[in-house]
Structures are given as C-alpha cells and as structure tokens.
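Residue 0 is where the sequence shown starts when you use numbering that gives the first Met the number 0, and the numbers rise one by one after that. Each residue gets a CB set at the ideal place from its N, CA and C atoms; glycine is no exception. To start, the structure itself, in structure tokens.
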Amino acid sequence: MAPPFAGSKKRRREPHNVDVKLVELYEDLASEKDDIRLKAAQALVSQFTPDQNPADEQIKKVLSRLFRGLCSSRKAARIGFSIALTEILTQVFSSPRETTRFTFSDALNLWESQSSSYGSESGQEQRDHLFGRLFGAEAIIKSSVLFQPTVPFEQWTQVVDLVFELAQKKPWIREECGWIIYQCVYDLAARKMEPRYIQSALEQLCVRDLARSPEGVAIWLAAKDMFPDVTFPSKIWKHDDPLDTKERSSMSKIMKESGAAASDGETKVNTAKSSGVWNNKLHFAWDAVLSRTSVEAKDKSKKSRMTFADFWTEVVDNGLFAAASSDERKYWGFLLFNRILNDGAPQQASQIFTKNLMRCLTNQLAVEDRYLHRMAVKVAKAIQARVSKEPEFAAAAIRGLMGTSGTLNFDQATKTKTVEKIVAEANFEALEEIVPFFEQLIQNPGTTEEKTAASNRQFIAGLLLTIVRSKASANEDDAEDLQASLEQILSIFVRFAYFMDTGKGSTAPEPPLSSATQELLRNRINSCLNSLISNQKFAATLPYAVVKQIRDAAKSGEFGKFIIAIDEKLSESVKAAFKSLKKLSSREKKEKGMAAFKLLYSMTIMQVYNGDADAVSMLDELEFCYTKFLGDKETKTEDAGDASDALVEILLSFASKQSQLFRRMSEQVFGAFANQITENGLESLTSILEAKESLAGQQEMFEEQDDEGEEEGENDDEEMMDVDEDELDSDVEVVEAGGSGSGSDSDDDDEEEEEDNEEDAQEVAAFEAKLAAALGSHRADEDESDSDADMNDDEMDELDDKLVQVFRARRQETSHRKDKKDARENMVNFKNRVLDLLEIFVKKSHTRPLALDILLPLLRLSRRTSVKQIATKANGVLREYTKVCKGNSLPKIEDDAQAAALWELLRSVHKEASHSGPIGHATACSQASLLVTKVLVAHDKDAIAGVVDVYAATRKDQLMSTKCHIDRIYVPMSLYVPFFLCWGFSILAAAAFTRALRVRLTE
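Here it is as structure tokens:
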C-alpha cells in the first residue's frame, strides 16, 4: 500500500496547559450572587499575598485579565473583578518586593492599554471599555497604592487626569467620574495627605472645564471643607465659594445642568456641557450642596454664603419648578422635597413649601393622568409620614399647604384628604400654631367673593371639627395638654357663630359671614360637643366653657353684636341656671351626679342660645330637679319622685331630637340617675313604645308642641348652604322609617319603595281625573282652533277657579303625604332613643322590681312595629335584661303585693305569646317568661307548682283554642317532652317535668 501524500497531513496543535481552577474563579467573579463573588475574590487574592511571593509574569497575567474583565458587561463582572483587583493591587504593591521588574507604573500602563478604545469597536464595546476604565480607576484609588511614599506623585496626577478626561469626553459618565474624585477628597483628608494632592485635582478640574458643573461644585465644596488652607484656583467662584450669594443664578443653571454663563463684569469661565442624559435618581451633588447650606447664616466667615432658604428658593423653586421647566426637572424637585422631608431638620423641612413647588404639587395631584401625578401622591404621603413621626411638624405642613405659597382649600383642589389627615395627627404643640392660623383664615378667607368665602370657611370649620374628633378620645394625661386647644377651637366657633360686626379689639371678618355660614358653625359646635362628651374629662368642662363664653362675650361685646334675641324673662332664667351651674362646679368633685347635671344644664342653656322656644320651660324644670336631687337636705327628701319624673321628661325632649349630641348627652345623664327613676318616669318611657309609628302617633306624643317651632325645624335644611354629605354636620342623625343603623333590612326598604310608587301612581291618576273633570270639554289635546272659540269671559274665569282648586288640593295632598313620612321617621327615631335609654336602665337597675315593668311594652313593640330594626332592638334590650339577671342579680320581691303583680305579669306574657307575631317575638316571649319564673322561684321555692299550671294552661290553649297562635310551647327544648307527658298522660311525668324545670330555673 502506498504511503499517503505528505501534504495531506494536518499539523498537530501544540499542547496548551489550561488552569481549570483559575478559569472557574474568573467565572465566579462574574456571578450575580454576592457570596459566590466574594468567595472567588478571596480565593484569587490569597494567591497574591506577600507570603506567596508571586512572580512578575503571574502578576501581569492576573492584572491583565482583571482589567480586561472590567470591560465586560457580562452579569456582575465589573463588581466582582473590581473587588478582586483592588485587593490584589493592595497585596502586591503595598509593601516593597525584593526582586521585581513589574512596578505600579507598569500596572497603570496595563490599565490604560486594556481599557482603551481604538474606534473600530461597536458602540456597546466602546461603552464597555469606558466603564472598564472608570472601574479600574476606582479600584486603583481604593487600593491606596497611589498614596504610598514610594509611588511617584505624577502617577496620582496621571490617574486623576484620565478620570477627568473621561468625564469631559463622555458627559453621560461624568457623574460617576465625579463621584470617584469626590469620595477621594474625604479619603485624602482621612489619611492626612499633603495639600498638593487635592491642589492637583482642583487644577485638573478647572483645566478640563468641569469646575462649574454639579460634580465640580461637589468636589470644590468637599475640598473647601476638608482642606481649608489649600490655595484654590482663582476667578472660578465669587470668594472661591460656589454657595456665595452672588452665585445664586449660576448655581441654579448648573444644578439643573443647563450650563452657566458668566455674569456681567466677571471673567468668562468655560462651563461643562450638559450630560444630555436624564437620570431618575438625584445627582450626588445635591446632597453635597444641601448639607452645606444652613438655616441661618451664623458663621461670620461665611456670612456671604446662601442660607438654605435662599438656595431652595432660587435653585429649586425658581429653577427646577419654574413654569418653563421640563417634567423631568420637576421630578428631581419632588425627589429633593421628599429627601428633605425624610431626612432634613425641622427648620429646613418647614422652608421647602415654596410657591412654584406648591403650585406644581397641587396641579399634579388634582388630575390622575398628569405625568407627575404618582410622584405628587408620594410627596403628599411623605408629608403625612413626617407628621406621623413628628406630630409637631403638622404646624409647618399646614402653613406650607394652606398659607401664602399653598392653596387654602388644598384638599378640595387636589381631591385628597391630605390636610385633614395632617391635622388629625397634630399634637398640642402644633395645635398652638394651627388653631390661630385657622382663625385668621375664617376671618379673612383670601377672597372677597361671598360664595367662595363661604366655601373656604366651611372647609376650615370642617378641619377644626376633624381636630376635635381626633382628640376627643385622648387619655387623661394628654387631655390636660389638649384642653386649651379644644377650648380655643370652640371659642372660634362661638365668636363667628353667635356674633357679628366688629367687637372690642377684634377685626371684622371680610367679607362678613352669611347667616347660612353662622348656622353651619353653630352646627359644628354641636358636632364638637357630640364627640367630646364621650370623654369624661371633657364632658364635664367643655360644654360649660362654651355657654359661659357665649354669656361673657354677649355681656362684654368683645366679638360684636349677639345675634340671638333674649327677652328679660328668659335672661332671668339663664341667670338662675348659671348660678346653679356655679354651685355644681364647686361640688363636682365631691358628689356623684354633679357632672351629669352640669352637662344637662350646659346643653339646655345652649338650646336657649340656639333659639329653642321650649328651652325656657326646660330650665325651670331643671331648677326644680336640681333643688330636689342635689339641693339642701330639707328640700332633697321632698318631691324627689316628681323631680325624677321631670328629669325624665327633660331627657326625653332631648332624645326626641335627631341629633347624636343630644342622644349621647341624654344617655350620660340618664345613666347617672337611672337608679332614681320612679314608676311614673318609667311609664313615660314605655308609653312612647306604645305609640303608633304614624302621623297620628306623633300628634299624640307631641300634641303640646308649638306648630311654629316645627315649621322652623322643617325649613332648617333649606336655609343651610350646599355642602357635601361627608362635610354635613354628622351630629344630625336621621333614622329612616324602613330601619336604621346596621339593623336595617333591604327587603323592608324595597317593600316601602314599592308602596310609595303605588301611592304615587294612584295620586297621579286621581289628579289627572280631577283635572279632566275641571277642563270638561276644553281638553288641551283637542284642536286649538276650536278650544276657546265658544268660551266667553265668565266661562274662562270659572275654568280658572276650578283649576286653582284642583292644584291647591294636589299641593295639600303632597304636603300631607310628606308630613306622614316625616312623622313616621320621627317616631322611629324617638323609639330608637327610648330603647337606648331602657337598655341603660336595665344595666343600672336590673335588680329593682320596677325593671320588670318594661317586659310587656317591649314584647308588644316587638309584635306591633312595622320596622324590623325596631323589633330587633327591642328584643336586644330584653335579651340584655335576661343576660344581666343571673345568680344573685335577680330583682328582689319584697312583699305579697309585688308577688301577686308578678304572677299577673307571667300570665300576661303568656297571653302576649298567644298573639301572632314575627319570629323574634316568640323567642322574646320565651325569654321574658323564664325571667319572671326565675324571679318567682327565687322568692318562693314552692312557686314552681304555680308555674307548671301557667305553662299547662298555655299548652291547653295552644291545642284547643283557635285564637291561640303559639306554634310550640315556650319552655326549653330539653323540657318539651316531659312537659307534654305531664300535661296529657301521667302524674309521674308531671313530677319529672317539675324537677327538670326547677333545675333549669336555678341554673
């Protein structure tokens, strides 16, 4: 076989030794996981420690590989390689080596050559090389080799020059270059290096035209602080200080990167080009500048330096937030605002609510599709967060948002609740500033247009109410600090709600307050008191403080003319009431019940000042109650029952009003005197439950009320100015006829709506029929040419009279229907309030036999009412009564007369159970029957036999009478079978039932 042709043979590749472990280390240096990168860097650096004595070729090879790796954009290569490079440079060049030809100068040359771009690469590759040079410079400087005594100074100059050259060539990387030198200034100061190092850096900064750039400003300021004795390049800044007051305009242009031109009369200085690239993060120069601007210029050596307010106004407000600024620069402005809010001192943070910024914030918050809306929302939340952390900052925030730079109705303009949330967080220190500020805004709402002024005043009143509500539940320690502010708020309401014109020493509101605004402010007083009386600390003092201030201001004329007309007789009653109030205040801490009477007196006088005609008679009755309950020992014992009855009537008059304030007040006072309620007083309460929920029922209950007063009440809403439901006085509590609160039922509402629609249809049909009868043959849909041809003047007049009568009847029917609906709502509201009082009564007086008198009225109400919510509430009161009557807490029967009445009550409860009623009625009857049985058995153990007879009689009626609508016998289910047997089959079973019932009743 012939040998193959020699030329066809391939040349063998020379064997090449690859260090697999080293390759894996380089791969791990580029890992995205921190722990893997650090572990790889540690393993690589350990090979180049002085004790390893690495060879020059090995050092050159690894440095070349690391410098080249910095130019890679792969994964996290730059981070990992720069860490390893910094440590290897430190290990290799920090101490002299005996035999070496590879010097630090060679390492610099290697860095420069490896990171150079020759122009033939793609754009991405060139970008990677530039970043490689930047990261290499950072590693070289961090290694601190440049600052070794054996390293020539020129090498420091070489590195700095290459960094600034890179910053000058590529503005988009300028910030990173500046950051390296900025950090190096502090490193030089920490090492106490010679001034020539920073001197050289500043000269290079100016040579490269970077001094008047954000990076140049930051480096200059850092150098000025760390090396004050260095000779700075001349003719760059006024007094060699970028923050000199004469440099404000230049700084504004520099910090927003628009370039700064030389001012008239000063030498032209080259300025840096704009980076041309927008970054959504703040430049580090902002922190450098802001940290060096003080709130006040206290240092005499820096008296020409801008204060923080000067810098913020000129550079941020007039620069970044100028009308012509781009959205990107305004975004930076919002970032700065957040930065100061989060980290700035209170004095600094209070100065950043400037005019242009606030205009931009308001506009951006108001519209969701604005470019900076989400950023504006973050700003608003940042303000609230600062106030939550530092409640005293609320004063500065409110002045900033609503003062001269902001918008008075900020929340309305932005459709947010920013201001409302801020005032709710304010502490008493902040309120000392906020409350007087709000008073000024009510007096002068910033406009002369009446409608706008009324709207602004309404908004301020709502904020004051928010403050009161947020502080009403303060604990005892905070209450003492807050009371002064709360009294001041109520004083503001009093001043503007009850007085007009100019008082002594006070300025007249401009424009004057309308009657509708004053009515609104009076309602705000009620709302404030409604929240405050729930706190015992405030309930005994603030209502009295309000009426006392009204009286004193009316006497002194401090706030002008008192708008409420009080005749001589009423004035005498008020005087007597204040005398009693004074006595109550002196005895308040010693005797129980004084605080409740003080509250009742104060609220009654408040009703007088609000023009309530019934308040005069209530004051007289209150005086009678005070004398009998809390007067001298001689007068206390006499007619105490009559006083109790009179007190109940007064509380009922308050409870009948659709107001949470009067509801809470009546409950508090009633709770204090519940143990003294007599049979007549309790009957006054239960009789209301018996009344019908209709116009006839209302007339029966309120037949003595003045018709004129009712008409005024109906027109209150018409006189009130237009407000949102959220802003409307929440003290007013309207209970719908179909139910109220959480217990209302949607099915009842639907049924009522259907009934109303049917009535409407019938009414319209009846009206059309009457109208057709009145028109006769002269219908509007007939031919117009013949409609009036045959009618003379008398016939026309007669037709007009008929039409007037038809429309008058229509109006009367509509009015009557509205009266019926209003009456139903009033009665439902009244019964709700009475049930609240009865619930208090059973909690306070459940051991009194008198409490048993409420059982039948509650059961009848549960059956008869057409409002499901009322029935549920009545059953709830009864359930609460049975719950508290356990063990020894049962009513005590004292004599045979009471026992006989109790037997009659048990039979009446069973008779009530025989009536057809809703589902809850049956359960309520069962509970009432068991309660009465428990009381009877507790009084007499032998009463169990009589109880069995009553249950047996009920069982008999159930089975034999068609008038008895009981579905099942009302005993516990565990006793149902024994009871059935005892009644119908065996005496033994009856005995068993008796024993079981006895056990059940004694549980």
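- Spatial neighbours of D243 in its own chain (CB-CB distance under 6 Å, excluding positions within 5 residues in sequence) are listed in chain order as K237, S303.
- Check the Cα spacing between A642 and each of Q548, L334, Y625: the tightest is with Y625.
- With respect to I179, F226 sits apart: the two C-beta atoms are not nearer than 8 Å.
- Taking E903 as reference, the option from A39, D852, Y880 with the minimal CA-CA separation is D852.
- Bounds of the alpha helix (DSSP H) holding F672 are 659-672.
- Going by DSSP, I351 is part of no alpha helix (DSSP H) at all; its letter is neither H nor E.
- A direct Cα-to-Cα measurement between A690 and Q698 gives close to 10 Å.
- If you check the CB distance, L220 and F163 do not come in under 8 Å.
- Between Y25 and G68, the C-beta gap is smaller than 8 Å, which places the two residues in contact.
- Each residue's CA atom was taken as its position, placing P241 and S249 some 9 Å apart.
- Per DSSP, reduced to three states, the secondary structure at F320 is coil, with no helix or strand assignment.
- With 16 or more other Cβ atoms inside 10 Å of its own Cβ, S484 counts as buried.
- Collapsing the DSSP output to three states places K819 in a helix.
- In the three-state reduction of the DSSP assignment, D243 falls in the strand class.
- For N534 against A595, the beta-carbon gap comes to about 14 Å, at or over 8 Å, which does not count as contact.
- At the C-beta level, I549 and V467 stay beyond 8 Å of one another.
- With respect to the 8 Å criterion, C70 and Q123 are not classified as neighbours on the basis of their beta carbons.
- Counting C-beta pairs closer than 8 Å gives fewer than three between the stretch 441-449 and the stretch 394-402, which falls short of the contact rule.
- Under the DSSP assignment, K60 falls in the alpha helix (DSSP H) whose first and last residues are 55-69.
- Your pair V668 and L598 checks out as a contact, with CB atoms roughly 6 Å apart and the cut at 8 Å.
- Distance from the CA atom of L512 to the CA atom of I488, rounded to whole angstroms, is 18 Å.
- Around H282, the same chain offers E174, P213 as residues with beta carbons nearer than 7 Å, after the five sequence neighbours per side are excluded.
- Here H938 has I892, A898 as same chain residues with Cβ atoms under 7 Å from its own Cβ, once five neighbours each way along the sequence are excluded.
- Distance from the CA atom of D239 to the CA atom of L407, rounded to whole angstroms, is 43 Å.
- The stretch 610-618 makes no contact with the stretch 672-689, as fewer than three CB pairs between them are under 8 Å.
- With respect to the C-alpha of K252, the residue from A321, Y950, P232 having the closest C-alpha is A321.
- By the C-beta criterion, the stretch 824-835 is judged to be in contact with the stretch 652-669, since at least 3 inter-stretch pairs fall below 8 Å.
- In the three-state reduction of the DSSP assignment, M401 falls in the helix class, which pools H, G and I.
- In chain order, A642 place their CB closer than 6 Å to the CB of F628, counting only its own chain and leaving out the 5 sequence neighbours on each side.
- Excluding the 5 residues flanking it on each side, F672 has same chain C-beta neighbours closer than 8 Å at G592, A595, F628, S643, L646, in chain order.
- Considering only L129, D186, E432, the residue with the shortest C-alpha distance to C176 is L129.
- In this structure, DSSP gives R304 an extended state, which the three-state scheme calls strand.
- Among the bridge pairs identified by DSSP, M499 is matched with K560.
- Here Q350 has F307, A308, W311 as same chain residues with Cβ atoms under 7 Å from its own Cβ, once five neighbours each way along the sequence are excluded.
- With a cutoff of 8 Å on beta-carbon distance, W277 and L335 are scored as not near each other.
- At a Cβ-Cβ threshold of 8 Å, A912 and A900 do not count as neighbours.
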